[in-house]
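Participant: Here's a structure for you.
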Amino acid sequence: MKPKTMFEKIWEAHVVHEEPGKPSLIYIDRHLVHEVTSPQAFEGLRLSGRKVRRPGLTFATMDHNVPTTQRSLPISDPIAAQQIETLRTNCREFGVTLFDLDSPEQGIVHVIGPELGLTLPGVTIVCGDSHTSTHGAFGALAFGIGTSEVEHVLATQCLLQESPRTFLIEICGQRPYGVEAKDIILSIIGQIGTSGGTGSVIEYAGDAIRALSMEERMTVCNMSIEGGARAGMIAPDDKTFAYLRGRRYAPKDFETATRRWKDLGSDPGASFDRKLEVDAATLTPQVTWGTNPGQVIAVDASVPSPADFADPNERKSAERALAYMGLKAGMRISDVPVERVFIGSCTNSRIEDLRGAAQLVRGKKVSPKVYAMVVPGSQSVKKMAEEEGLDRVFSEAGFDWRESGCSMCLGMNPDILKPGERCASTSNRNFEGRQGKGGRTHLVSPLMAAAAAIEGRFVDVRQYGPR
Amino acid sequence: MQPFTSLKAVVAPLDLPNVDTDQIIPKQFLKRIERTGFGKFLFYDWRFLEGGSLNPDFEMNQDRYRGAQILVARANFGCGSSREHAPWALQDYGFRCVVAPSFADIFFNNCFKNGMLPVQLPEEQVEQIFKRLRQTAGYQLAVDLNEQVVRSDDGLAFRFQVDEFRRHCLLNGLDDIGLTLQFEAKIGEFERRAAVGIEG
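As you go down the protein sequences, you meet chains A and Z in turn.
Numbers given in the numbering used here equal positions in the first sequence, counted from 1, plus 4.
Just so it is clear: in the second sequence, position 102 is 96 by the numbering used here, and no numbers are missing.
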């Protein structure tokens, strides 16, 4: 039998209908819904008199525009409040399970999916959010969709999809101290560019990937979309199974499921449309200098000059980015002062991210020039962190400790940068205005963000570790 | 869905690569629960100055591009978030066609769901369009989806590729959900066979 990739195995198991010259009709096992991209989809169902086909496979929460201040206070933005209320009404009317603001399980949709055991190996998962690629860390085929497709999945539990290309990225070797999962994926995006993965599903493999925890794998898969890919995925293994065992929606007959999942990985000799090899030992802590995630350098490097780019598009992009970011070619990135620090987002707001950052800040103080905040990814993460005393570590160091949500990753809620403010952020997008009009975002790992908060500038976190 | 067959209209330029959906429609406007009315927020941070007046430095704001229904842009247009508010905003502003050397996947897909045509042309052909639209005020292109060709009165004729199924749906204004529901029996059969999901 022809060896198959993990992607092919999952795809083939979900084809409902196919015919030559047409996209395949693919079954969707899990549909995650949030307040921003769903109202028009539910309205579409209402207008055409349709129902949600499988409300039991559809799960909703509010995360994008929720305040991260005290939950008991009313939401000050009336339009945000209406959007949140609309999600409540829609979930009630269509019988969809909602993890509401007062739920102990509320959180960023891509944090709570795995926590609840909704994210499983071999399943197809969609959500009206591009960072749905996160769930691929469990060996799921997971990708973001638009609102019309949200309506399509609500109505039919299926999607029309063209088969994407496959792209294998093998990361081997021992990664040095201070190089986190975020640095792995930022390095990859720096190498392939923000459209390098367009039309593809990336599978991450190799011993450096196997060595990652589930939280770290989620960070890597999360940013697949920043490289243009539809999805990112990692074959499930014992770490995957250990993470999922006992989760609320994980299969009751876990042993049977595990046996099935063990065969899910790509077969030896399976062919991919494209391959890339990365040596983990050569990786360094990364900082973005520009206005897309591919504009990234090592923390000990200097800001590039537009002249360094042969491609005229890239050159123009770099010129504009330097002007927007208020940087000059040749400056050392470690000389750049930071005024804000944000630890959070679906990329880096899980318990391990917070543990790592807390360890670095313990006993130290946030620079007086910096306002720093930590936004746990979910209420479960927040509770766990508080039980471990991490909230006190952060608070004593001078960080603001918040309620869960997307927060300053996209600034749909009141957490935004002022024009010209410079932020070390553990989020995933450094686009112009992403964290607030005129705001300057530098994407970094949680360790790098924590160190930037203490020093008031970017510092090489390798200096804190074993020599 | 509104069909797209052919369109002859003024072309407006957006001469930047990697235009992300955060620029097309910034996040502060995503809180609305309607599908319409996003046009006034299109490219908001670029189009408007502080205080809300039009930014004269944003090329698209020039009078000569008034009434444009075709946007010509650079590579990787529509990257970033999955927000369908991006094509909604373009469409509500008046655009029904975007011409670029490449598009991000989700944006590309979202266009077809809204009666909008993303046309992919090689870099050098896009460059020619940029040159000519700057030379001639009110420069127009004619986009024909039936023939899969972009033409101009001054002699350009560029063929473009489009997936046959997408083309068929766009030409006829077909609604995907209606098409899929023709296979409802097969969906039911799949659900019984695969016993998928947490309900089973």
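Even glycine gets a Cβ: it sits at the ideal position worked out from N, Cα and C.
Keep in mind that this is a model prediction, so the values were computed, not measured.
(1) May I have a chain-ordered list of the alpha helix (DSSP H) segments no shorter than 4 residues that lie completely inside the region -1 to 38 of chain Z?
(2) Who are the near neighbours of M452/A in its chain, counting only those whose CB is closer than 6 Å to its CB and skipping five residues on each side?
(3) What residue range is occupied by the uninterrupted alpha helix (DSSP H) comprising L36/A?
(4) Would DSSP call P112/Z helix, strand or coil?
(5) How is P27/A classed by DSSP in three states: helix, strand or coil?
(6) Select from A376/A, E392/A and A322/A the residue whose C-alpha is nearest the C-alpha of I355/A.
(7) Closest to L394/A by CA distance: which of M412/A, K373/A and R366/A is it?
(8) Shorter than 9 Å from the beta carbon of P71/A to some beta carbon of chain Z?
(9) Less than 9 Å between the beta carbons of K8/A and E16/A, yes or no?
(10) For the beta strand (DSSP E) containing K373/A, list its first residue and its last residue.
(11) Measuring CB to CB, does A209/A end up less than 9 Å from I188/A?
(12) Please classify E220/A: is it buried, with 16 or more other beta-carbons within 10 angstroms of its beta-carbon, or exposed?
(13) So, with DSSP's three-state summary, where would you put W40/Z?
(14) Using a Cβ-Cβ cut-off of less than 9 Å, give me the residues of the region 7 to 29 of chain A that come near chain Z, in sequence order.
(15) Between the alpha carbons of I196/A and R278/A, how many angstroms are there, rounded?
(16) For A428/A versus R336/A, is the C-beta distance shorter than 9 Å?
(17) Would you say P423/A and G443/A are within 9 Å of each other, going by their C-beta atoms?
(18) Specify the secondary structure class of V405/A as computed by DSSP and reduced to three states.
(19) Could you pull the start and end residues of the beta strand (DSSP E) that K279/A belongs to?
(20) Who are the near neighbours of R214/A in its chain, counting only those whose CB is closer than 7 Å to its CB and skipping five residues on each side?
(21) Check whether the region 130 to 139 of chain A and the region 82 to 97 of chain Z touch, using three or more Cβ-Cβ pairs below 8 Å as the test.
(22) Leaving aside the five residues before and after T348/A along the sequence, list all residues of the same chain whose C-beta is less than 6 Å from its C-beta, in chain order.
(23) What are the residues in the region 71 to 86 of chain Z lying within 7 Å of chain A by C-beta distance?
(24) Distance, Cα to Cα, R29/Z vs F152/Z?
(25) Just to confirm the assignment, what range does the beta strand (DSSP E) spanning M237/A have?
(26) Chain Z partners of K55/A, CB-CB under 9 Å?
(27) To which residues of the same chain is A99/A closer than 8 Å at the C-beta, ignoring the five residues directly before and after it?
(28) Which chain Z residues sit within Cβ distance under 8 Å of V40/A?
(29) Would you call the region 55 to 68 of chain Z and the region 14 to 32 of chain Z touching, i.e. three or more CB-CB distances under 8 Å?
(30) Strictly under 9 Å for the Cβ-Cβ distance: is H156/A near chain Z by that measure?
(31) Using a Cβ-Cβ distance cut-off of 9 Å, determine whether Q86/A contacts chain Z.
(32) Determine, for E141/Z, whether the minimum Cβ-Cβ distance to residues of chain A falls below 9 Å.
(33) Between S384/A, P168/A, T223/A and C95/A, which lies nearest to T202/A when the distance is taken from Cα to Cα?
(34) Is it true that the CB of L24/Z sits closer than 9 Å to the CB of R77/Z?
(35) Among residues of its own chain, excluding the 5 on either side of L43/Z, which ones have a beta-carbon nearer than 8 Å to its beta-carbon?
(36) Please find out if some non-hydrogen atom of the ligand ATP comes closer than 8 Å to the beta-carbon of L102/A.
Facilitator: Walking through what the data contain:
(1) 15 to 18
(2) P289 and V465
(3) Here L36/A belongs to no alpha helix (DSSP H); instead the beta strand (DSSP E) covers R34 to V37.
(4) strand
(5) coil
(6) E392/A
(7) R366/A
(8) no
(9) yes
(10) Element bounds for K373/A: n/a, residue is neither H nor E.
(11) no
(12) buried
(13) helix
(14) A17, H18, V19, V20, H21, G25, K26, P27 and L29
(15) 12 Å
(16) no
(17) yes
(18) Residue identity check: residue 405/A is Trp in the sequence provided, not Val. Residue state, collapsed to three classes: strand.
(19) R278 to D283
(20) D241
(21) no
(22) The sequence shown places Gly at residue 348/A, rather than the Thr named in the question. V379 and S411, listed in sequence order.
(23) C73, G74, S75, S76, R77 and E78
(24) 33 Å
(25) A235 to M237
(26) Within chain Z, no residue comes near K55/A; the closest Cβ sits about 12 Å away, beyond 9 Å.
(27) Ala is not the amino acid found at residue 99/A; the sequence shown has Gly there. Only V56 and P59 meet the Cβ criterion.
(28) L24, K25 and R77
(29) no
(30) yes
(31) yes
(32) no
(33) P168/A
(34) yes
(35) N49
(36) The model depicted lacks the ligand ATP and carries no ligand whatsoever.
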